[in-house]
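Taken in order, these protein sequences are the chains called D and V.
Residues are numbered in the numbering used here as their position in the first sequence, beginning at 1, plus a constant of 218.
Residues are numbered in the numbering used here as their position in the second sequence, beginning at 1, plus a constant of 26.
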Amino acid sequence: MNIVIPFFQQCNQTPDKTAFVEEEHTISYIDLKTGIEKIAAFLRIKQVRNQCIAIALDRGIEAASSIYAVLSAGAIYLPLDIKNPVTRINFIIADAQPAFIIGIGDAPDWLDNPAIWLDLSQLPLTEIKGIFPVLVDKNDLAAILYTSGSTGNPKGVALSHQALMNFSSWAQTTFKLNQLERIASLAPFHFDLSIFDLFSSLASGATVYFLPARLSLSPSRLTAWLSEYKITTWYTVPSLLSFIALKGALQTTDLSHLKRLLFAGEVFPCPHLIKLADLLPDTELFNLYGPTETNVCCYWQVEHQRLTVEQNIPIGYAACDADLLIDTESGELLVNSLNNFSGYWQQGKLQPLSTNYYPTGDKVALNTQGEYEYYGRLDRMLKCSGYRVEPAEIEQCINQLATIVSCAVVGIKDLTSGQRPVAAVVLTGDATLSNTIKPLRQQLAPYMQPCKFIVLDTLPRLANGKTNYQAIQRLFES
Amino acid sequence: MKQHIREFIFNELIFVAEPEKFSDNDDLLEAGLDSMGIMRLIMHIEEQFSVTLPDSEIDPDNVKSFNALEQWILQHKA
Numbered sequence: 219m220n221i222v223i224p225f226f227q228q229c230n231q232t233p234d235k236t237a238f239v240e241e242e243h244t245i246s247y248i249d250l251k252t253g254i255e256k257i258a259a260f261l262r263i264k265q266v267r268n269q270c271i272a273i274a275l276d277r278g279i280e281a282a283s284s285i286y287a288v289l290s291a292g293a294i295y296l297p298l299d300i301k302n303p304v305t306r307i308n309f310i311i312a313d314a315q316p317a318f319i320i321g322i323g324d325a326p327d328w329l330d331n332p333a334i335w336l337d338l339s340q341l342p343l344t345e346i347k348g349i350f351p352v353l354v355d356k357n358d359l360a361a362i363l364y365t366s367g368s369t370g371n372p373k374g375v376a377l378s379h380q381a382l383m384n385f386s387s388w389a390q391t392t393f394k395l396n397q398l399e400r401i402a403s404l405a406p407f408h409f410d411l412s413i414f415d416l417f418s419s420l421a422s423g424a425t426v427y428f429l430p431a432r433l434s435l436s437p438s439r440l441t442a443w444l445s446e447y448k449i450t451t452w453y454t455v456p457s458l459l460s461f462i463a464l465k466g467a468l469q470t471t472d473l474s475h476l477k478r479l480l481f482a483g484e485v486f487p488c489p490h491l492i493k494l495a496d497l498l499p500d501t502e503l504f505n506l507y508g509p510t511e512t513n514v515c516c517y518w519q520v521e522h523q524r525l526t527v528e529q530n531i532p533i534g535y536a537a538c539d540a541d542l543l544i545d546t547e548s549g550e551l552l553v554n555s556l557n558n559f560s561g562y563w564q565q566g567k568l569q570p571l572s573t574n575y576y577p578t579g580d581k582v583a584l585n586t587q588g589e590y591e592y593y594g595r596l597d598r599m600l601k602c603s604g605y606r607v608e609p610a611e612i613e614q615c616i617n618q619l620a621t622i623v624s625c626a627v628v629g630i631k632d633l634t635s636g637q638r639p640v641a642a643v644v645l646t647g648d649a650t651l652s653n654t655i656k657p658l659r660q661q662l663a664p665y666m667q668p669c670k671f672i673v674l675d676t677l678p679r680l681a682n683g684k685t686n687y688q689a690i691q692r693l694f695e696s
Numbered sequence: 027m028k029q030h031i032r033e034f035i036f037n038e039l040i041f042v043a044e045p046e047k048f049s050d051n052d053d054l055l056e057a058g059l060d061s062m063g064i065m066r067l068i069m070h071i072e073e074q075f076s077v078t079l080p081d082s083e084i085d086p087d088n089v090k091s092f093n094a095l096e097q098w099i100l101q102h103k104a
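Here you go:
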């Protein structure tokens with residue numbers, strides 16, 4: 219098996235069809251294959267099988283080709299978020315211990331060991347010997363996606379070829395993808411939504427259009443772009459769909475080609491979803507649910523007539539043949555699926571799991587129609603603009619600042635982006651808040667920056683001595 | 027007007043350590059104003075100043091600084 223095999227099969231069937239479009243740059247299936255084989259041939263000489271290879275490239279044709287090459291050579295891809303603060307990138311590299319980092323140009327300053335940098339533009343000519351892709355075991359790892367960790371550090375979710383294949387095939391079947399599809403890709407490759415854009419797409423013979431990132435700040439240009447390229451399918455986050463529902467000039471933009479919108483990552487605010495459904499009556503809308511560890515394990519096709527302002531939509535029914543259980547005491551959703559991750563990647567190796575059922579930390583219940591409904595987190599995790607954010611990771615950064623005694627991070631509800639982190643801090647002696655937190659801008663990714671701070675003399679505590687997060691939450695909400 | 031927008035952005039949307047040192051030309055997008063922040067900002071401005079900002083003009087160029095925002099709003103204020 220290998221997750222990239224369906225793409226290679228498509229290359230035989232439709233070699234001249236366009237695979238990727240990025241701005242003015244387009245590439246056919248057969249040319250893409252040639253480019254992939256060139257990189258893969260070089261990697262094979264370096265004996266990278268089952269080793270982790272990081273990709274330090276922005277979403278686009280070069281990054282996608284590198285990912286396919288890494289997989290074709292039997293190695294594991296790790297997409298870095300190169301917009302992350304350097305301290306976070308360095309933590310991830312030190313933890314993942316990649317054999318190589320693929321990029322373009324000279325090794326960046328933040329890289330301690332430039333010997334592992336692989337400049338795509340200076341790739342030595344390698345004779346392409348043998349057949350790609352190499353065959354791997356279904357349990358061999360394919361991808362490591364770093365996500366926010368409750369221990370205070372990012373953690374790598376390791377996904378096998380089988381896990382990616384199971385999701386990719388389910389999506390192809392469920393959404394009836396075919397060669398006529400024109401799929402928009404906006405999700406960064408370190409985000410699990412991109413598994414759809416990278417694999418379900420090319421396995422179906424579709425064309426992927428990389429949506430220019432700057433358009434996410436110009437909703438009406440974004441919808442004009444969807445119209446111009448006659449996009450048929452787009453998998454994105456609710457916050458962006460809210461933006462285009464409210465400000466995307468949908469009344470005057472022809473999106474008659476748009477067959478379906480898939481969304482995941484956070485709860486879709488109902489008033490905005492209703493607006494979107496009203497403005498796009500012929501577009502199917504799907505709510506997909508699942509943490510990175512299980513990928514999509516539930517889905518619900520939006521039934522327009524059931525939408526109400528007061529009630530969140532269900533997460534629906536089991537997806538990807540997942541076996542779902544609800545813990546009778548806590549209401550926590552437990553997931554056993556072929557999609558499930560193989561374990562966390564830590565210090566350069568896989569830490570295997572002890573149980574088949576992944577505890578999601580999400581509270582759910584079945585409604586009278588037999589659909590799953592989501593009732594929030596059992597722990598402190600936040601969802602901010604689709605990103606998963608562990609308050610502990612922010613607290614760890616704040617606690618390392620020079621004049622901090624202690625801190626607590628909680629989430630406040632936000633009309634548009636779900637939740638946003640806010641922080642209560644206790645400072646030393648005569649320290650000022652502004653001086654204390656100045657370095658945070660360099661240390662935290664933008665979506666992790668607290669949007670408000672309050673200074674307290676002491677953090678409120680519960681009787682057992684633990685931080686009283688609910689009391690802190692109330693301080694921010696009052 | 028600029029002062030009001032300043033307060034809204036710094037109190038509700040992004041946090042900067044020293045707002046008084048943030049100039050009217052400093053880059054709000056670099057300071058962390060994202061697509062969701064822009065959406066809330068526009069809805070707030072439209073309500074507060076009884077102005078309609080056309081969807082077609084929502085663009086990084088018009089929201090990148092306090093000066094850019096002010097200029098944009100004034101163009102649409104009768």
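We treat Cβ as the ideally placed atom computed from N, Cα and C, and that holds for glycine.
- Taking the beta carbon of V/L39 as reference, the chain D residues within 8 Å of it are C669, listed in sequence order.
- For the set D/W328, D/D632, D/L298, D/I322, the Cα lying nearest the Cα of D/A314 is the one of D/L298.
- Annotation: D/T252 is outside any beta strand (DSSP E); the continuous alpha helix (DSSP H) that includes it extends over 247-263.
- Per DSSP, D/F694 has no beta-bridge partner at all.
- When CB distances to chain V are screened at a threshold of 8 Å, the residues of the region 598-630 of chain D falling below it are S603, in chain order.
- Residue-level contact by beta carbon fails for V/V77 and chain D, as no gap is shorter than 9 Å.
- Along the region 432-459 of chain D, going in chain order, the ones with a CB nearer than 8 Å to a CB of chain V are R432, S434, L435, S436, P437, S438, R439, S457, L458.
- Bounds of the alpha helix (DSSP H) holding D/Y286 are 279-290.
- Residues of the region 648-659 of chain D with a Cβ closer than 7 Å to any Cβ of chain V, in chain order: S652, I655, K656.
- Across the structure, D/Y592 and D/L464 are spaced so that their CA atoms are roughly 25 Å apart.
- Taking 9 Å as the cut-off, the Cβ atoms of D/A293 and D/N331 do not count as close.
- Residues N686, A689 of the same chain have their beta carbon placed closer than 6 Å to that of D/P678, with the five preceding and five following residues left out of the count.
- Inter-residue distance for D/A274 and D/D648 is about 42 Å (C-alpha atoms, whole angstroms).
- Of all alpha-carbon atoms in D/I413, D/Q340, D/G534, D/D327, the one lying nearest the alpha-carbon of D/A381 is that of D/I413.
- In the structure shown, V/G63 falls within a helical segment according to DSSP collapsed to helix, strand and coil.
- Out of D/V304, D/I349, D/I322, D/E502, the CA that lies nearest to the CA of D/Q227 is found in D/I349.
- As a beta-bridge residue in DSSP terms, D/R606 pairs with D/K601.
- If the five residues before and after D/G561 are omitted, its C-beta is found closer than 6 Å to the C-beta atoms of A376, L568, Q569, P570, L571, all from its own chain and listed in chain order.
- The C-beta of D/T646 has fewer than 16 other C-beta atoms within 10 Å across all chains shown, which makes the residue exposed.
- Residue pairing of D/Q564 in beta bridges, as defined by DSSP: D/K567.
- Looking only at V/V77, V/D50, V/D85, V/A104, the smallest Cα-Cα distance to V/F92 is reached by V/D50.
- Under DSSP, D/N505 shares a beta bridge with D/F481, D/W518.
- Bridge partners of D/T232 according to DSSP: none are assigned.
- A contact is defined here as three or more CB-CB pairs under 8 Å, and the region 61-73 of chain V meets this definition with respect to the region 629-644 of chain D.
- For D/S445, the enclosing alpha helix (DSSP H) covers residues 437-446.
- At least one CB of chain D lies nearer than 9 Å to the CB of V/D60.
- When the beta-carbon positions are compared, D/A620 and D/T654 come within less than 9 Å of each other.
- According to the DSSP assignment, D/A314 belongs to the alpha helix (DSSP H) that extends over 304-314.
- DSSP places D/W328 in the coil class of the three-state scheme, outside both helix and strand.
- In this structure, DSSP gives D/F486 a state outside helix and strand, which the three-state scheme calls coil.
- Annotated as proximal: D/G508 and D/V553, with beta-carbon spacing under 9 Å.
- If you check the CB distance, D/K256 and D/T391 do not come in under 9 Å.
- In this structure, D/L440 is the residue among D/A467, D/L440, D/E446 with its C-alpha nearest to the C-alpha of D/T454.
- V/S82 reaches chain D at S438, A467, counting residues in chain order whose Cβ is nearer than 7 Å.
- In the structure shown, V/D81 adopts helical secondary structure according to DSSP, grouped into three states.
- Taken atom to atom, the span from the alpha-carbon of D/D249 to that of D/A421 is near 16 Å.
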